[in-house]
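Read the structure below first, then the notes.
Residue numbers (my numbering), protein chains in the order written: chain A, 447 to 680; chain B, -17 to 267.
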């Protein structure tokens, strides 16, 4: 049984259908990439899984339970955490307050998780009491991911975590994501650095025009001539 | 110097009122004109408890704030809540807000009449400070109470979980939902905080001047100016903005006709929107 499964999902904005029968699944402790050109529905799929958009058809299952139609604040209690592509931090709150908000639904002590986040991203330790809006793009991304880790999720949904970052920073963030995955957290990631993301992942999906185009083990996708030419930039 | 003192008093009143307005505006995503009605109701509730029920002044104010919070939340439940769930945009919300303001103001006339009313307090001579600055004890109380209130609001927003959630929701309501924050609950708390802010500001204004049904409407422009100057959604910015507007308005009276005071607030607001729409402490353009 997969940890997370989206089955034949149809969804979109307003009356515009973006996703036409898309299916993806993630097994426990697995890292899975979703790649594809702009407008192929990658972010739409993430938003639909997390309940920010309604699934018009199809279903979303988590740990065997049907969570289709759940609201984001209900889904977060199930053990899924989502880091949106944009506006994924509270800019006027400090680093520590952002992490507090990540742990908002917890009523127990979370100092251990807090400690873990600072160990994963040492750059944040000195900035604890600074407003996140004043930090660099890379550090903001660290705060966004750290905040999502405060709930010890069994799966993390990441929407373009390296968007707008310099290549070396992007590589560093991807490596941290792999570190997170190595601790047993499953990862579903949408990534523009498709080749790098696939290298770190177990499997991948290629979406095009809101449909499943290819799927397979990362190595197979990286070796596939057509995928390489069309979606990995040659 | 007298103008400076007057400016500080007016600034304190505007600051206290602007804190609630800035959070309501940001969290609900529109400028709520009915806030003027909240100021007036706050003042008249307090007056009723004090003049007619003859309760102590502080008790009257606290009861009035409680009543105002209940009224604000009831209004939200009856109007804005269903509009929110239907995805009504800021323009529609604002129009409903203007309608509510007319309704609230007319209700004040209906209940308490249009005549000028005052708090029945013994008249005390103003204290004379250096440079012949005259400040009444009431005005000193207004300044002191404003500082205390703003400090308490700061503690609430900075230290408590719901206070942090309120600032988080003001920053980014969609992300707040993603983090599992019950934003409807935060909105209820925001109305409660707005009631404290509006109730206190309305009462202070009434204590310093007098009560007329139009008093809230007249204070609304300086309040909006303070909110915009400080950056919408930033309670600390609203306090500074309130002080700047209060001081500018009063000091302008030194070389212009006092009737131009609202124009001063309007000019500052317009300049802010032209030069730095995100306000003094906002980021970006």
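Where is the CB? At the ideal position from N, CA and C, for every residue including glycine.
- Counting other Cβ atoms within 10 Å of its Cβ, residue 580 of chain A stays below 16 and is therefore classed as exposed.
- Pairing residue 221 of chain B with residue 593 of chain A, the inter-Cα distance amounts to about 30 Å.
- Rounded to the nearest whole angstrom, the C-alpha separation of residue 458 of chain A and residue 243 of chain B is 51 Å.
- Unbroken beta strand (DSSP E) runs of no fewer than 3 residues, entirely contained in the region 608 to 666 of chain A, are found at 632 to 636, 649 to 654, 657 to 663, following chain order.
- The C-beta distance from residue -17 of chain B to residue 115 of chain B rounds to 5 Å, short enough to fall under 8 Å.
- Listed along chain A are 519, 547, 550, 551, each with a C-beta nearer than 9 Å to that of residue 163 of chain B.
- Per the coordinates, the alpha-carbon of residue 192 of chain B lies some 22 Å from the alpha-carbon of residue 1 of chain B.
- Of the residues A:607, A:679, A:546, the one whose Cα lies closest to the Cα of residue 560 of chain A is A:546.
- In this structure, residue 261 of chain B keeps its C-beta atom at 8 Å or more from the C-beta atom of residue 25 of chain B.
- Within the region 90 to 170 of chain B, complete alpha helix (DSSP H) segments of at least 4 residues are found at 119 to 141, 143 to 153, 155 to 160, given in chain order.
- The beta carbon of residue 148 of chain B lies closer than 8 Å to those of 5, 9, 139, 168, 171, 172, 175 in the same chain, with the five residues before and after it left out.
- A contact is defined here as three or more CB-CB pairs under 8 Å, and the region 108 to 123 of chain B fails this definition with respect to the region 479 to 493 of chain A.
- Here the alpha carbons of residue 18 of chain B and residue 73 of chain B stand approximately 18 Å from one another.
- Using a 10 angstroms sphere on the CB of residue 535 of chain A, the tally of other CB atoms reaches 16 or more, which defines it as buried.
- Along the region 528 to 539 of chain A, the positions whose C-beta sits under 9 Å from a C-beta of chain B are 528, 529, 530, 533, 534, 535, 536, 537, 538, 539, read in chain order.
- Taking residue 584 of chain A as the centre and dropping the five residues before and after it, the same chain places the C-beta of 611, 615 closer than 6 Å to its C-beta, in chain order.
- Excluding its 5 nearest sequence neighbours in each direction, residue 250 of chain B has C-beta neighbours in its own chain below 8 Å: 207, 211, 226, 227, 230, listed in chain order.
- In this structure, the alpha-carbon of residue 562 of chain A lies about 25 Å from that of residue 613 of chain A.
- Rounded to the nearest angstrom, the Cβ distance from residue 22 of chain B to residue 100 of chain B is 15 Å, too far for a contact under 8 Å.
- Out of B:62, B:187, B:118, B:30, the CA that lies nearest to the CA of residue 102 of chain B is found in B:30.
- Per DSSP, the beta bridge partners of residue 526 of chain A are A:601.
- For residue 471 of chain A, the pairing in a beta bridge is given by DSSP as A:451.
- Cα atoms of residue 161 of chain B and residue 32 of chain B: separation of roughly 44 Å, rounded to the nearest angstrom.
- Nearest CB-CB separation between residue 65 of chain B and chain A: not below the 8 Å threshold.
- In this structure residue 600 of chain A touches residue 449 of chain A by the C-beta definition: roughly 6 Å separates them, less than 8 Å.
- Within chain B, the residues 160, 161, 162 have their CB atoms less than 8 Å from the CB of residue 522 of chain A, given in chain order.
- With its beta carbon at least 8 Å from every one in chain B, residue 509 of chain A lies outside the interface.
- Residue pairing by DSSP places residue 479 of chain A opposite A:635, A:650 in a beta bridge.
- For residue 598 of chain A, same chain residues with a beta-carbon under 7 Å away, outside a window of 5 residues either side, are 559 in chain order.
- Contact between residue 180 of chain B and residue 50 of chain B holds, with the beta-carbon distance rounding to 7 Å and staying under 8 Å.
- In terms of CA proximity to residue 470 of chain A, A:634 leads the group A:634, A:671, A:541.
- In this structure, residue 153 of chain B lies near residue 539 of chain A, with their beta-carbon atoms less than 8 Å apart.
- For residue 111 of chain B, the CB contacts under 7 Å within the same chain, skipping 5 residues up- and downstream, are 117 in chain order.
- When the Cα atoms are used, residue 586 of chain A and residue 503 of chain A turn out to be separated by approximately 35 Å.
- About 19 Å separates the Cβ atoms of residue 648 of chain A and residue 608 of chain A, ruling out a contact at the 8 Å cut-off.
- For residue 146 of chain B, a Cβ of chain A is located within less than 8 Å of the residue's own Cβ.
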